[in-house]
């Protein structure tokens with residue numbers, strides 16, 4: 122879209138009351154920090170959101186991928202570089218909370234500004250096509266014999282798939298502290314390791330594995346949802362008698378030090394984006410569940426999630 126056309130569109134949205142005047146005053150370009158390498162869930166979420174924002178006429182979007190340490194490296198850059206920048210946003214989620222709990226980075230999420238929770242997604246566990254195992258029962262039996270012989274591959278330490286693996290171990294009578302979890306900097310690296318047979322079992326959001334499951338390059342053996350995912354013929358852990366249910370959610374934060382009015386402007390931008398056809402298509406394509414939450418409710422939710430995840434991780438022997 123040409124800049125002059127874009128600005129006319131934005132002005133029209135403001136005049137119609139769809140977007141607040143603070144957004145127009147802030148400028149046309151959003152800078153989105155994606156605190157992970159390309160190819161993973163945060164990257165997919167960020168770029169889908171960016172596309173929806175542009176479709177809504179709310180902003181043009183540039184991206185900065187900065188992976189590592191469960192998002193802590195990207196978070197540190199975002200907090201230090203984007204202070205009081207009303208055009209800066211960062212994708213984040215449950216994985217970042219887990220990483221902060223286990224890694225205790227010097228920069229904390231509380232220094233940034235909560236904007237909105239967007240989606241929820243359950244994890245899937247998969248085997249490489251070449252695996253001698255066929256089911257989660259096979260994996261569990263091997264883990265009971267020799268916990269270290271089963272390599273669980275996934276996102277950064279503290280990711281929901283890491284927590285799920287520890288919970289599985291606890292539920293089947295294996296010391297969770299003895300699981301062999303291999304952390305990767307992003308979904309792309311984890312996927313490559315699974316496809317190459319460098320880990321025994323891989324975990325991540327189902328959408329990240331869907332194309333490989335469909336083509337037979339991976340075999341899905343379990344999902345972490347309460348009930349089977351819609352249109353997905355993969356058993357839940359609960360069906361197998363393993364009482365583990367854990368979900369992954371993703372959201373957006375704004376920069377430190379923005380004004381309440383600027384924060385509201387970003388909230389309104391996200392609300393506009395989630396009403397687009399593009400966003401609806403992304404939800405369907407990636408098997409995401411809309412979990413929209415903004416304002417004080419989202420801020421309280423994050424605080425509660427910190428406490429809940431910490432309790433689960435302590436109980437599972439992770440910390």
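In the working numbering, the protein residues as written are 122 to 440. Cβ atoms here follow ideal geometry from the backbone N, Cα and C, with glycine treated the same way.
Taking all protein chains shown into account, residue 164 has 16 or more neighbouring C-beta atoms within 10 Å of its C-beta and is therefore buried. Residue 403: member of the alpha helix (DSSP H) spanning 398-407, first to last residue.
Here residue 248 has 254, 322, 339, 340, 342 as same chain residues with Cβ atoms under 7 Å from its own Cβ, once five neighbours each way along the sequence are excluded. Excluding sequence positions up to five before and after residue 350, its CB lies within less than 7 Å of the CB of 243, 327, 344, 408, all in the same chain and listed in chain order. Judged by pairs of C-beta atoms under 8 Å, the stretch 209-227 touches the stretch 185-195, as three or more such pairs exist. For residue 300, no alpha helix (DSSP H) run applies, since DSSP gives it neither H nor E. As the crow flies, the alpha-carbon of residue 262 is around 45 Å from that of residue 234. Close CB contacts of residue 232 within its chain, under the 6 Å cut and outside five residues either way in sequence, are with 200, 377 (chain order). Burial is judged here by how many other beta carbons sit within 10 angstroms of a residue's own beta carbon; residue 335 has fewer than 16 and is exposed. Ranking 346, 190, 230, 169 by CA distance to the CA of residue 307 puts 190 first. For the options 239, 314, 319, the alpha carbon positioned closest to that of residue 215 is the one of 239. Of the candidates 236, 160, 206, 172, 172 places its Cα closest to the Cα of residue 400. Closest option to residue 382, judged by alpha-carbon separation, among 265, 324, 208: 208. The residue from 301, 167, 371, 330 with its alpha-carbon nearest to that of residue 426 is 371. For the beta strand (DSSP E) assignment, the uninterrupted runs of no fewer than 3 residues enclosed by the stretch 169-220 are, from N- to C-terminal side, 181-186, 209-214.
Going by DSSP, residue 262 is part of no beta strand (DSSP E) but of the alpha helix (DSSP H) stretching over 257-266. A check of alpha carbon separations from residue 265 across 230, 166, 301 identifies 301 as the nearest. According to DSSP, residue pairing for residue 369 in a beta bridge involves 242. When the beta-carbon positions are compared, residue 237 and residue 188 stay at least 7 Å from each other. For residue 435, the closest C-alpha among the options 273, 279, 210 is that of 279. Each residue's CA atom was taken as its position, placing residue 415 and residue 388 some 7 Å apart.
Residue 308 has no beta-bridge partner at all, per DSSP.
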